[in-house]
Structures are given as structure tokens and as C-alpha cells.
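Convert by adding 511 to the 1-based position in the sequence shown; the result is the number in my numbering.
From the three backbone atoms N, C-alpha and C, an ideal C-beta is built for every residue, glycine too.
Contents: one structure, followed by commentary.
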Amino acid sequence: MSNEIIFFGSFLLFIVLMLAIDLGLFNKKDHKVSMKEAAIMSFIWVSFALGFYFLLLTEGEILHDITSFAKLQGVTTKHLHNITLIPGNFEASLTLYKQNLALEFLTGYVIEYALSVDNIFVMVLIFSAFGVDERYYHRVLFWGI
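Written out as C-alpha cells, the structure reads:
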């Protein structure tokens, strides 16, 4: 079994587990989410994202099982990573690859996080139009998104 299958399978399992914990453990009963609770949950999710960033930054080669310069060249070509490898210097090239991989993830995360802010305003308008009680916001958002 390849490293990619194990990695992404574990990643998906982690996401499903976190969503189950979020809905089943922290939100068993419908209630109005306070600003404090929202801030804590946001902090936790952002912390997970930053943890994943640092995992990619330090151990990113595990994702594609990169053990040689030739394998590194193949991966960067296949996935269109825009980095210039240093022939004859595997360690420096691997460091560049891991930095690029981590930065690509962090860039995507920050863009998606920023774009989600405008969705909040749209959701509030929709909830107001349909008269959804504030205590049901979390459940509706969870299943709706």
C-alpha cells in the first residue's frame, strides 16, 4: 500500500472523527453558540491547520515517500510544484520541496478561511429570511455545508 493512500486515508478518517466529535460531543443539544464558544472552536480548528502546516514543513517527504533525488524530481514534475531543485544536493532540494508544500497548504487554507467570512453574512441573511432560531444555526450549518 502506498504512502499516499495511507496518508490520505488517515487524513479523511481524522476529519470524519473530528466532525463526529464536534456534532456528537460538543453539540449534543441545540443551543445558541456564544462568542466565547465560537472563538474557542475557531482557535481549535486553526490550531489543527497550523499543526498540519508544521507537519508538512518538517515531514512532508513522507506524503509521497521521497527517498531519492530522482523520486523528488518525479513528484515535483507530476504535481507541478514550481520549485527549482538543486542537482546533486538532495537535502537542500528536499527542504525546498517541504517548504513549498507547506506554503501551498497554508496559502490555500488562508484563502478558504477568508472566503468563508463572506459566507457567514449570506447565511445570516438566509437564516433571518427563513426565521431560523439561533439555537439551530450550528446544526443547520453542519448538515447544510
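About 14 Å separates the Cβ atoms of residue 575 and residue 615, ruling out a contact at the 8 Å cut-off. When the Cα atoms are used, residue 521 and residue 581 turn out to be separated by approximately 27 Å. Boundaries of the alpha helix (DSSP H) around residue 618: 601-641.
At the C-beta level, residue 583 and residue 610 stay beyond 8 Å of one another.
Residue 553 and residue 543 have their C-alpha atoms roughly 16 Å apart.
In this structure, DSSP gives residue 649 a helical state, which the three-state scheme calls helix. Judged by DSSP secondary structure, residue 588 falls within the alpha helix (DSSP H) whose first and last residues are 580-589. One thing to note: residue 613 has its Cβ no nearer than 8 Å to the Cβ of residue 562.
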